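Trainee: Here it is, the structure, as structure tokens.
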Amino acid sequence: MPNSLRMPLIKPLVEDSQMLDTHALLQPLKIGNLTLDNRLMVAPMAGVTDNPFRRLCKSFGAGHAVSEMMTADTTLYARKKSLFRANFDGEIAPISAQIAGADPDKLGEAARYQLDNGAQIIDINMGCPAKKVCRKLAGSALLKDEDLVARLLYKTVEAVQDYDAPVKLKTRIGYDLGHENIVRVAKLAEEEGIAAIAIHGRTRDEKYGGTARYELIKTVKESVSIPVIANGDIDSPQKAVTVHKQTGCDAVMIGRAAQGKPWLFKQIAHYLQTGEALPDPNLSLLKTIVLGHLDELYAFYGEYSGCRIARKHIAWYTSGIPNSNEFRQAMYGEETTAGQYRAVERFFEKQV
Ligand SMILES: Cc1cc2nc3c(=O)[nH]c(=O)nc-3n(C[C@H](O)[C@H](O)[C@H](O)COP(=O)(O)O)c2cc1C
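Take the sequence shown: its letters are residues 100 to 451, numbered as in my numbering.
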């Protein structure tokens, strides 16, 4: 294993004892034979939920994190990008690998590959609106062809039978407006042996426009007995509670709102325990979190990619800080991890 892939451990910031409250979303969740500590999940986001970010979210109390999407084409797995995506070093179990593809045999093969590689849960992506993915009929374009959906799910579940590993499905409510077939897809998924389903409350055509619709997630919850995970536009503890109430879901999944805000999971847990809002970290704590995250990114990706991948995280972390535009412009010009780290350090020192 190259040095850049070896990871220091992130210590949990939320003690187990703090998670012993009674709100349903703080209860353990069984998915197949595995148990998640709670029902607050970070959504898979390509380019965001890499190994360091998943570990960071889990250190703030996320009960589950899914890897970035990986192609079902295992011939591409030797590529540098795939090696990073399939790296689960130091991750808190259970580890979930997301795969996407439109060929049932290849999807099954990819699932086995990921389980051999250390994953314990397979997550199939049928929710991606990206053109690159949809052209190959993977991601959410698959929703148009329910027979193929059934074959893909069946083959993947069958392929991993020997591993006794649960297979989850992540998808949207349908392909386009007027064709919201999620209830049929969810029933079909349950029949094919899928252990849980995460649903983003938009159709593929809606991309990220408008607002997520939760009614169909509620109908799915009433129609199947596998765990149903609600996703889409959950950006605060209050919204997590509202979506949970509206859908009766078994878990909530948060994507964009966790960008630059991995402590959101701790805030949600705190709110569920006490009914009180936990403020965002002050600038001094924020500095510690950001610099810690940078250390992890640099150790994981090495000099070149570490510096580039860190930029977007730094931008998210600092976006709410008054007069931070100039800093971000200058930071984008830093070409080395050392220079970038110093720039961030100096920026926060000026603030606190
Ligand atoms: C940058 C980005 C990358 C994403 N990549 C993936 C992915 O790899 N796999 C997947 O299933 N969904 C992916 N999604 C969709 C999210 O998992 C989630 O369903 C969506 O963002 C809605 O949740 P949110 O409103 O909480 O962000 C991605 C979303 C974003 C913003």
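For each residue, glycine too, the CB sits at the ideal point set by N, CA and C. Since we're looking at a predicted model, the values are computed, not measured.
1. Look up H163 in the DSSP assignment and say whether it is helix, strand or coil.
2. Check the DSSP bridge columns for I296 and list the partner residues they point to.
3. In its own chain, which residues sit with a C-beta less than 7 Å from the C-beta of A294, not counting the 5 before and 5 after it?
4. Skipping 5 residues on each side, what residues in its chain have a beta carbon closer than 6 Å to that of Q117?
5. What does DSSP give as the partner residue(s) for N224 in the beta ladder?
6. Which residue wins for smallest C-alpha separation from A470, given the options I333, A442, R312, K180?
7. Consider the C-beta atom of I353 and the heavy atoms of ligand 1; say whether any pair is separated by less than 6 Å.
8. Leaving aside the five residues before and after I413 along the sequence, list all residues of the same chain whose C-beta is less than 8 Å from its C-beta, in chain order.
9. To the nearest angstrom, how far is it from the Cα of I353 to the Cα of L128?
10. Is DSSP giving K129 helix, strand or coil here?
11. Check S383 in the structure and name its three-state DSSP category.
12. Tell whether a beta-carbon distance below 7 Å holds between D222 and Q260.
13. Quick one: what's got a C-beta closer than 7 Å to R283's C-beta in the same chain, skipping five residues either side?
14. Taking contact to mean 3 or more Cβ pairs, one atom from each stretch, closer than 8 Å, check whether the stretch 361-380 and the stretch 398-411 are in contact.
15. Checking 7 Å against the spacing of the C-beta atoms, do N137 and L125 come in under that value?
16. Which class does D115 belong to by DSSP, given the choice of helix, strand or coil?
17. Less than 6 Å between the CB of D304 and some heavy atom of ligand 1, yes or no?
18. Note the first and the last residue of the continuous alpha helix (DSSP H) segment covering Q452.
19. From which residue to which residue does the beta strand (DSSP E) around L139 run?
20. Cβ of M144 within 6 Å of any heavy atom in ligand 1?
21. Quick check on this structure: which residue in E208, S423, Y307, I194 has the alpha carbon closest to the alpha carbon of T134?
22. Rounding to the nearest angstrom, what Cα-Cα distance links L119 and Q345 in this structure?
23. Taking M430 as part of the beta strand (DSSP E), name the residues at either end of that continuous run.
24. Sorted by chain position, which residues of the same chain lie with C-beta nearer than 6 Å to I328's C-beta, five sequence neighbours on each side aside?
25. In chain order, what residues of the same chain lie with their CB nearer than 7 Å to the CB of A357, ignoring the 5 residues before and after it?
26. Report the option in R410, G405, G359, G189 whose CA atom is closest to the CA atom of G419.
27. Measure from the alpha carbon of T318 to the alpha carbon of each residue in K286, T310, I333, then state which is nearest.
28. A454 to E291, Cα distance in whole Å?
29. So what's L108 in DSSP terms, helix, strand or just coil?
30. Need the endpoints of the beta strand (DSSP E) that L194 sits in, please.
31. Skipping 5 residues on each side, what residues in its chain have a beta carbon closer than 7 Å to that of E434?
32. Give the list of continuous alpha helix (DSSP H) stretches no shorter than 4 residues that lie fully inside the stretch 303-374.
Mentor: Walking through what the data contain:
1. Looking at H163 - three-state DSSP - the assignment turns out to be strand.
2. In the DSSP output, where bridge partners are listed per residue, I296 has L268, V327.
3. I130, G131, P265, V266, K267, I325
4. At Q117, the pLDDT of 42 sits below 50, so the modelled position is not reliable and the matter cannot be decided from this model.
5. DSSP lists K269 as partners of N224.
6. With the chain represented from 100 up to 451, any question about residue 470 goes unanswered, as that position is not in the structure.
7. yes
8. Contacts found: V389, L393, R427, M430, Q439, V443.
9. In this structure, the alpha-carbon of I353 lies about 16 Å from that of L128.
10. Looking at K129 - three-state DSSP - the assignment turns out to be strand.
11. helix
12. Cβ distance not < 7 Å, so D222 and Q260 don't count as in contact.
13. E245
14. no
15. yes
16. For D115, the predicted structure reports a pLDDT of 42, less than 50, and the residue's modelled location is therefore unreliable. The matter cannot be settled from this model.
17. Not so, every heavy atom of ligand 1 lies at least 6 Å from the Cβ.
18. Absent from the structure is residue 452, since the part of the chain shown begins at 100 and ends at 451.
19. 139-141
20. yes
21. I194
22. Confidence in L119 is poor, its pLDDT being 46 and thus under 50, which makes the residue's placement too unreliable to answer from.
23. For M430, no beta strand (DSSP E) segment is defined; the enclosing uninterrupted segment is the alpha helix (DSSP H) at 424-431.
24. A297, A350, M352
25. V141, C156, L363
26. G359
27. Of the candidates K286, T310, I333, the residue whose Cα lies closest to the Cα of T318 is K286.
28. Residue 454 lies beyond the range of the chain shown here (100 to 451); nothing can be said about it.
29. With a pLDDT of 37 at L108, under the threshold of 50, the modelled position of that residue is not reliable, and no figure is offered here.
30. Checking the displayed sequence, the identity of residue 194 turns out to be Ile instead of Leu. Unbroken run through I194: none, as it is neither H nor E.
31. C406
32. 314-322, 336-346, 363-373
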